[in-house]
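Report on one structure; see the data block that follows.
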Amino acid sequence: MQSSSRSDTGIPPPPPLRLARPFLRGLLWACAVLCLALAVIGVFVPGLPTTVFVLMAAWAAARSSPRLHAWLWYHRLFGPMLRDWTQGGRVRRSAKWSATGVMAVCMVVLVLTASHRWAAAAGCLAMAVVLTWLWCRPEPVDHPA
């Protein structure tokens with residue numbers, strides 16, 4: 054029999070969060086599923102942010118479906134992102150480099166294809182602000198096994 058905390062994996066259980074009122078749970082569950090679908094698509098489509106959608110899916114799932122939230126928490130791909138973020142808003146260096154690379158490509162495409170220089174400048178400025186914020190986030194400390 055599998056325990057709900059999955060203590061055999063060494064991963065702590067997800068933090069307890071309050072469920073939304075019953076009439077909102079269905080909407081939040083739909084939001085969680087939509088965000089999760091976008092996150093899965095983002096794994097394969099450059100430029101679509103996986104981490105942001107996983108965090109949004111976990112937020113909505115935690116308020117609508119403890120089962121879906123636990124599934125996300127223990128998932129091989131999505132779980133580490135959630136656990137890192139829960140432990141102080143931490144972001145792995147590989148995710149930072151991935152975002153930097155994708156945004157650099159987007160900046161080049163934007164500069165080469167924008168019909169208005171101000172629009173290209175505004176887009177590049179917005180991406181630079183996001184990258185600055187992202188690189189200021191702490192990184193998780195991986196403890197050797």
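Just so you know, the working numbering puts the end of the sequence shown at 198, numbered straight through with nothing missing.
Backbone N, C-alpha and C define an ideal beta-carbon position, used for all residues, glycine too.
(1) May I ask you to report which of helix, strand or coil DSSP gives residue 75?
(2) Suppose the cutoff is 7 Å on Cβ atoms and the five residues either side in sequence are ignored; what does the same chain contact list for residue 148 look like?
(3) Just the C-alpha distance for residue 73 and residue 119, rounded to the nearest angstrom, thanks.
(4) On the CB-based measure, 16 or more other CB atoms within 10 Å of its CB, does residue 63 come out buried or exposed?
(5) Does the distance from the CB of residue 173 to the CB of residue 164 come in under 8 Å?
(6) Grouping DSSP H, G and I as helix and E and B as strand, with all else coil, what is residue 161?
(7) Under the rule that 16 or more other beta-carbon atoms within 10 Å means buried, what is residue 76, buried or exposed?
Once the coordinates are examined:
(1) Helix, per DSSP.
(2) Annotation for residue 148: 104 place their beta carbon closer than 7 Å to its own, counting only its chain and skipping 5 residues before and after.
(3) Between residue 73 and residue 119, the C-alpha separation is close to 11 Å.
(4) If you draw a 10 Å sphere on the C-beta of residue 63, you find fewer than 16 other C-beta atoms in it, and that means exposed.
(5) The Cβ atoms of residue 173 and residue 164 lie closer than 8 Å to each other.
(6) DSSP, read as helix, strand or coil, puts residue 161 in helix.
(7) With fewer than 16 other Cβ atoms within 10 Å, it is exposed.
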